[in-house]
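Line order of the protein sequences matches chains A and B. Okay, so the first sequence: first residue is 0 according to numbering that gives the first Met the number 0, each after it adds one. Okay, so the second sequence: first residue is 0 according to numbering that gives the first Met the number 0, each after it adds one.
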Amino acid sequence: MTLILAAAIGVLFGSGAFLLMKPDLFRTVVGVVLVANAANLTLMASGLGRGASPIQPLGEGVVSDPLVQAMTITAVVIGFGVTALLLSLAYRIYATSRTVDLDELSHAEASHEQELEREEVSV
Amino acid sequence: MSIAVPLLIPWFAGAALALLDGRRRWVAWSAVGALAATFVATCALAAVAGGENSVTVAGGWPAGVGIALKADALGVLFAVISNGVLLAALVFEVSAGVRSRLFPALTLFLSAGLTGLFLTADVFNFYVFFELAMIAAYSLAVYGDEARQLRAGFIFAVVNLLGSFLFLIGIAAIYHVTGTLDMAAVAERIAAVEPNAVILIAIAIFVAFGVKLGLFPFHFWLPTVYGSATPGVAAMLSGAVANIGSYGILRFGPGILPEGVRLGATVLIVIGTLSILYGALQAISRRSSQEVLAYSAIGQAGYVLIAIGLGGPAGLTAAIVYAVVNSLNKALLFLSTGVRGFLVGAAFVVGAFSVAGVPPSAGFFGKVELFRAGVVEDSAALVALIFLGGALSFVYMFQIYQHEFWGPSRRSGPESPAAVRAVAVGLAALVIAVGLWPEPLLSASREAAGVLGGGG
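This is the structure:
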């Protein structure tokens with residue numbers, strides 16, 4: 000089980016990191032989501048044990064660790080909120096710049112810098 | 000008084016004000032009132048810090064089971080300074096006129112997140128408050144809604160989220176090796192853990208906070224964000240949000256993972272040195288004053304890191320004094336670049352002197368504490384480095400001063416409202432006051448360094 004989880008975390012993190020390097024706003028957002036889920040799985044994996052579900056009244060024998068599940072659900076919710084924020088930011092960028100291509104956006108940044116420098120010279 | 004009070008005020012006020020239009024004057028000023036109440040409540044915590052009533056366990060659970068809030072000298076000091084900076088920046092923006100309906104509420108949420116983060120005694124809760132503060136910060140970074148700010152805000156959010164997830168993985172690892180989330184218990188049990196695991200955890204957490212603080216190899220997002228944000232927001236980011244980084248490294252480094260800091264001391268000092276040199280040299284080559292200040296922030300973060308790397312009571316005290324003074328300086332400088340009029344130039348000069356470490360400004364004592372740490376640890380190279388860094392910061396600060404306040408074209412702008420100028424001048428007066436009477440800050444920092452068990 001540990002091996003499967005480790006592999007899943009690795010694949011998720013790797014794919015997320017790969018998508019983060021793409022020059023596209025929405026691929027970047029998906030990359031962040033994948034990395035977030037890799038972190039969530041790591042949280043789950045940190046307290047992995049076999050046992051009954053930790054719900055009152057407790058059954059016989061070993062009970063699995065409820066704390067990691069509580070932490071993971073919190074992290075999932077936070078990740079969800081963050082994704083919504085990122086998507087709305089990406090949409091605002093699209094609405095103002097009419098592009099989701101990060102290369103084009105950085106061109107806009109560079110031309111802004113040049114403008115500043117021109118101002119500097121004219122002053 | 001319960002410790003939860005300074006946390007609940009901004010939280011509830013923020014939630015209520017989020018429903019109202021923050022551009023109305025009374026809504027914005029009631030946000031200022033709530034933040035002022037938070038500030039007073041955090042100051043009042045200083046009285047109970049470290050005493051018997053300094054722990055509140057949420058939900059009435061017995062201690063050790065429930066999630067605890069704990070007010071110790073270190074957390075309270077950072078909470079006071081961060082809320083103070085937020086208050087100054089909010090008064091500044093509100094007097095200049097709020098342009099977005101959510102701005103006052105977001106500032107309150109940022110305050111709730113920061114206060115919670117500095118007062119929590121639970122590792123996972125730290126992450127929750129950390130995200131609360133950061134989400135408010137991401138939204139504040141795009142305040143103004145210009146295309147350039149949106150681009151910067153997106154980069155800010157993506158890079159810092161990666162840092163946050165790395166931190167989350169670090170927490171998972173801490174829980175895995177120690178089986179607890181309570182900071183004190185983690186610090187106790189981590190000593191018995193295999194050093195290799197401790198080093199991996201320490202690296203993950205250090206990188207996460209390094210990103211927040213904008214240390215040299217993780218700084219790339221910082222100049223764009225600080226450079227494009229409005230002066231008030233830039234002051235919040237560099238004076239309050241960046242405190243997460245210094246506080247986090249102090250709390251998790253010497254406080255929880257002293258073994259990791261001891262083994263990595265050389266790395267900390269090298270990264271700190273690189274940050275100082277890189278920040279100062281880049282700052283000299285920039286023209287836009289906000290960008291100069293952004294690079295200067297990278298350099299100043301380096302001093303804090305070096306002091307932590309030196310360790311020992313002297314080093315930790317120096318790190319805390321420097322972090323506090325630096326957030327005051329940065330708040331003052333970012334705010335005063337956005338103001339025009341009588342006495343504002345003088346306020347800026349006070350900030351510039353303070354960054355360079357000239358008496359009688361607060362920055363002088365930051366540098367003195369660093370020198371002391373350098374002498375105690377017998378490190379001539381460090382003393383030379385601080386001197387060089389101070390000289391370089393003198394150069395870039397006066398470049399901006401000349402550019403902003405002497406240039407004929409820049410002075411012609413309309414004079415800013417009196418309240419806005421009063422904030423800048425008030426902060427400058429505070430920086431001088433701390434420089435003239437540094438004893439309260441120094442003793443608070445010494446006490447705070449004492450909290451960090453292993454090192455203190």
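Built from N, CA and C at the ideal position, the CB exists for glycine as well.
First and last residue of the uninterrupted beta strand (DSSP E) at residue i
i: residue 67(B); result: 67-69
i: residue 71(A); result: Premise fails: residue 71(A) lies in the alpha helix (DSSP H), 65-96, not in any beta strand (DSSP E).
i: residue 55(B); result: 54-56
Candidates the options: closest to residue i by CA position
i: residue 16(A); options: 164(B), 70(B), 34(B) and 155(B); result: 164(B)
i: residue 271(B); options: 258(B), 291(B), 213(B) and 11(B); result: 213(B)
i: residue 21(B); options: 235(B), 103(B) and 292(B); result: 103(B)
i: residue 391(B); options: 120(B), 25(B), 119(B) and 278(B); result: 278(B)
i: residue 193(B); options: 207(B), 100(B), 258(B) and 65(B); result: 258(B)
i: residue 352(B); options: 110(B), 393(B) and 312(B); result: 393(B)
i: residue 215(B); options: 295(B), 224(B) and 137(B); result: 295(B)
i: residue 435(B); options: 149(B), 396(B), 349(B) and 378(B); result: 349(B)
i: residue 132(B); options: 82(B), 341(B) and 261(B); result: 82(B)
i: residue 366(B); options: 303(B), 204(B) and 85(B); result: 303(B)
i: residue 1(A); options: 59(A), 29(A), 42(A) and 55(A); result: 42(A)
i: residue 67(A); options: 172(B), 94(B) and 233(B); result: 172(B)
i: residue 40(A); options: 93(B), 175(B), 19(B) and 231(B); result: 175(B)
i: residue 314(B); options: 376(B), 323(B) and 361(B); result: 376(B)
i: residue 86(A); options: 75(A), 99(A) and 74(A); result: 99(A)
CB contact below 7 Å: residue i versus chain A
i: residue 236(B); result: no
i: residue 150(B); result: yes
i: residue 68(B); result: no
i: residue 123(B); result: yes
i: residue 155(B); result: no
i: residue 146(B); result: yes
i: residue 130(B); result: yes
i: residue 175(B); result: yes
i: residue 313(B); result: no
i: residue 16(B); result: no
i: residue 171(B); result: yes
i: residue 397(B); result: no
Cutoff 7 Å: residue i Cβ touching any chain B Cβ
i: residue 92(A); result: yes
i: residue 61(A); result: no
i: residue 82(A); result: no
i: residue 27(A); result: yes
i: residue 110(A); result: no
i: residue 40(A); result: no
i: residue 75(A); result: no
i: residue 7(A); result: no
i: residue 88(A); result: yes
i: residue 114(A); result: no
i: residue 14(A); result: no
i: residue 126(A); result: Residue 126(A) is absent from the model: chain A starts at 0 and stops at 122.
i: residue 51(A); result: no
i: residue 71(A); result: no
i: residue 95(A); result: yes
i: residue 11(A); result: no
i: residue 33(A); result: no
Bridge partner(s) assigned by DSSP for residue i
i: residue 62(A); result: 51(A)
Contact belief for residue i with residue j at Cβ below 8 Å, rounded distance in angstroms
i: residue 241(B); j: residue 326(B); result: 7 Å
i: residue 249(B); j: residue 441(B); result: Actually they do not touch by this definition, with Cβ atoms about 16 Å apart.
i: residue 329(B); j: residue 237(B); result: 4 Å
i: residue 85(B); j: residue 161(B); result: 25 Å between Cβ atoms; not a contact.
i: residue 346(B); j: residue 432(B); result: Not quite, the Cβ-Cβ distance comes to about 13 Å (not below 8 Å), so this is no contact.
Residue interval of the alpha helix (DSSP H) (run including residue i)
i: residue 255(B); result: Unbroken run through residue 255(B): none, as it is neither H nor E.
i: residue 460(B); result: Nothing can be reported for residue 460(B): it is not among the residues displayed for chain B, which extend from 0 to 455.
i: residue 442(B); result: 438-450
i: residue 295(B); result: 288-309
i: residue 145(B); result: Here residue 145(B) belongs to no alpha helix (DSSP H), and DSSP marks it neither H nor E.
i: residue 9(B); result: 4-17
i: residue 128(B); result: 122-140
i: residue 196(B); result: 194-212
i: residue 100(B); result: From DSSP, residue 100(B) is part of no alpha helix (DSSP H); its letter is neither H nor E.
i: residue 337(B); result: Note, residue 337(B): premise wrong, no alpha helix (DSSP H); not H, not E.
i: residue 368(B); result: 361-375
i: residue 245(B); result: 241-249
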